[in-house]
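Chains as they are written, first to last, in the working numbering: chain A, 11 to 261; chain B, 511 to 754.
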């Protein structure tokens with residue numbers, strides 16, 4: 011079946027069912043009922059025929075991840091900038107974000123349910139709370155690693171503290187900031203497979219529904235891992251784009 | 511949800527959950543089955559702690575020696591660091607689903623899966639920690655006549671301990687979280703309450719969530735204390751800005 015699928019590019023067009031013009035028995039053959047019945051390692055035919063079951067959850071998953079990381083990033087950046095100026099805030103904020111990070115997401119969802127109700131909001135709150143610590147710590151580390159000479163140079167040029175933060179310190183902290191963003195994004199893609207327990211849908215929904223069907227587990231799990239890897243690569247590319255000076259190597 | 515149901519209605523839910531933890535009651539499904547109460551809740555908590563502890567110990571037993579040797583020789587950076595990055599991308603639910611579909615259910619399989627899940631953060635942190643050990647300290651030890659094993663055990667391991675413990679804490683968080691979901695594949699952890707609304711009702715679900723949160727925080731606090739104990743005095747002073 012696999013070799014047949016590889017030889018027939020038409021099958022890609024047939025992803026949502028039976029393409030017209032194929033032999034009448036092809037669809038039946040292609041559905042691989044026997045493979046599904048014996049729960050084979052990966053029923054490629056079934057996967058082609060049923061791929062549309064995963065597109066909706068895939069994009070919902072992506073949406074949840076993007077919103078959660080965006081919310082978490084905004085909050086963490088604000089908190090990091092605040093505690094960069096007011097150092098006494100660091101221990102309590104590290105403690106609180108650490109607690110949010112420690113509570114397993116499944117428990118977090120169900121703790122929030124009575125308060126925020128069943129739905130996407132609950133999932134986004136829990137997931138963005140989870141990203142806070144990772145991003146917050148990384149931005150702080152990045153700000154701490156800024157060379158004092160760079161800050162002195164900025165001050166010498168007559169920059170105010172605010173200008174120094176936005177034009178010297180934050181740009182130089184971008185590598186650590188992106189490192190945090192990438193870790194947070196990859197982890198959130200993984201944890202968002204549990205978001206359907208909070209009523210938010212996503213790839214966990216099809217994964218959990220048919221948890222013993224091998225093809226389903228490979229497809230749904232594989233799509234989640236693929237999403238994590240792709241987003242990670244995109245963020246890495248974005249980082250290179252916004253830090254052009256890092257590409258110039260001093261001789 | 512556009513409006514938050516703040517007007518304190520949720521407090522009743524939490525009251526119900528605590529009632530579930532402290533008092534036995536009839537199951538939602540009826541039939542004279544009793545659920546909840548300290549005996550059942552503590553039993554599930556203990557199972558989860560036991561499985562998690564076993565898995566963490568197993569992960570340590572594999573990842574610590576490998577990380578120490580790779581870090582000491584400065585080899586296998588790609589493996590050690592890449593594994594840590596890859597480990598983050600694997601969903602907890604996918605691990606459990608993989609067990610259910612491919613390996614089989616039960617305590618032994620779940621423990622093995624949790625061990626594998628715990629290895630990447632410990633291995634990566636051990637490797638990085640050993641690489642970051644002050645090379646002067648290593649050379650001094652070698653100059654005093656210590657062999658390779660002595661350097662690893664008596665110089666690199668103590669100096670790397672705090673960073674290794676950070677990896678152990680990450681591993682523990684992942685393991686406890688995944689052990690919660692392991693109730694799907696036949697290990698009665700607190701996830702049995704969380705995912706068992708049909709039997710335990712809303713109170714049981716929330717009680718499970720509360721217990722899981724407390725368990726995870728307890729484990730984290732305990733490991734943070736271990737981390738402080740394992741931090742060599744000299745290193746702690748150096749980090750506090752004394753000496754150096």
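We treat Cβ as the ideally placed atom computed from N, Cα and C, and that holds for glycine. Remember, predicted model here, so these are calculated numbers, not experimental data.
Host beta strand (DSSP E) of residue i (start-end)
i	result
residue 534/B	534 to 536
residue 156/A	Segment: none, residue 156/A is in no beta strand (DSSP E) and carries neither H nor E.
8 Å Cβ cutoff, residue i in contact with chain B
i	result
residue 196/A	yes
residue 247/A	no
residue 243/A	no
residue 200/A	yes
residue 32/A	Caution applies to residue 32/A, whose pLDDT of 46 falls short of 50 and renders its modelled position unreliable; the value that the coordinates give is listed next. Closer than 8 Å: no.
residue 44/A	no
residue 37/A	Bear in mind that a pLDDT of 46 at residue 37/A, under 50, signals an unreliable position, so the number given afterwards is only what the model happens to contain. Not closer than 8 Å to any Cβ of chain B, the Cβ of residue 37/A fails to qualify, so no.
residue 222/A	yes
residue 115/A	yes
residue 218/A	yes
residue 203/A	yes
Sequence-distant residues of its chain with Cβ nearer than 7 Å to residue i (five each side left out)
i	result
residue 668/B	742
residue 108/A	143
residue 233/A	64, 68 and 213
residue 199/A	75, 234, 237, 238 and 241
residue 99/A	92 and 93
residue 681/B	566, 569, 628, 631 and 632
residue 638/B	673
residue 551/B	531, 717 and 721
residue 670/B	636, 639, 640 and 643
residue 19/A	Summary for residue 19/A: the model assigns pLDDT 42, below 50, so the residue's position carries little reliability; its value from the coordinates is reported in the next sentence. No residues qualify anywhere along the chain.
residue 754/B	Because residue 754/B sits at a pLDDT of 36, beneath the cut-off of 50, its placement in the model cannot be relied upon, and the following sentence gives the value as read from the coordinates. Cβ neighbours of residue 754/B beyond the five flanking positions: 748.
Cβ neighbours of residue i in the same chain (closer than 8 Å, five flanking residues each side left out)
i	result
residue 462/B	Residue coverage of chain B in this structure runs from 511 to 754, which leaves residue 462/B outside it and unanswerable.
residue 539/B	708 and 709
residue 135/A	122 and 126
residue 161/A	174, 178 and 179
residue 525/B	none
residue 256/A	185 and 250
Min CB distance residue i to chain A below 8 Å
i	result
residue 701/B	yes
residue 633/B	no
residue 720/B	yes
residue 727/B	yes
residue 591/B	no
residue 630/B	no
residue 498/B	Residue 498/B lies beyond the range of chain B shown here (511 to 754); nothing can be said about it.
residue 598/B	yes
residue 755/B	Because chain B spans 511 through 754 in this model, residue 755/B falls outside it and cannot be assessed.
residue 610/B	yes
residue 650/B	no
residue 698/B	no
residue 523/B	yes
Residue interval of the alpha helix (DSSP H) (run including residue i)
i	result
residue 744/B	743 to 749
residue 544/B	Taken as a continuous stretch (DSSP letters only), residue 544/B belongs to no alpha helix (DSSP H), being part of the beta strand (DSSP E) at 544 to 546.
residue 122/A	115 to 126
residue 73/A	62 to 95
residue 237/A	224 to 252
residue 45/A	43 to 47
residue 56/A	54 to 59
residue 598/B	587 to 599
residue 645/B	645 to 653
residue 701/B	701 to 704
residue 216/A	214 to 219
residue 630/B	617 to 641
residue 663/B	No alpha helix (DSSP H) holds residue 663/B; DSSP gives it neither H nor E.
residue 100/A	100 to 112
residue 709/B	707 to 740
Close beta carbons around residue i, own chain, < 6 Å, minus the five adjacent residues each side
i	result
residue 150/A	90
residue 86/A	142, 145 and 146
residue 677/B	631, 632 and 635
residue 609/B	619, 623 and 695
residue 118/A	136
residue 206/A	212, 214 and 215
beta-carbon residue i near the ligand PLP non-hydrogen atom, thresh 7 Å
i	result
residue 537/B	With respect to the ligand PLP, the structure shown offers nothing to examine, as it has no ligands at all.
Any chance the stretch 122 to 130 of chain A sits against the stretch 170 to 186 of chain A, with 3 or more Cβ pairs inside 8 Å? no
Report yes or no: do the stretch 144 to 161 of chain A and the stretch 216 to 234 of chain A share at least 3 C-beta pairs separated by less than 8 Å? no
When you compare the stretch 162 to 170 of chain A with the stretch 96 to 108 of chain A, are there three or more beta-carbon pairs, one atom per stretch, that lie closer than 8 Å? no
Within 8 Å, do at least three Cβ pairs link the stretch 646 to 664 of chain B to the stretch 725 to 734 of chain B? no
Three Cβ pairs or more, each shorter than 8 Å: is that satisfied between the stretch 689 to 698 of chain B and the stretch 616 to 628 of chain B? yes
Any alpha helix (DSSP H) of 4 or more consecutive residues that is wholly inside the stretch 667 to 694 of chain B: 667 to 691
Counting Cβ pairs closer than 8 Å, one from the stretch 681 to 692 of chain B and one from the stretch 602 to 616 of chain B, do we hit at least three? yes
Tell me, please, whether the stretch 646 to 653 of chain B touches the stretch 583 to 603 of chain B by the rule of three or more beta-carbon pairs shorter than 8 Å. no
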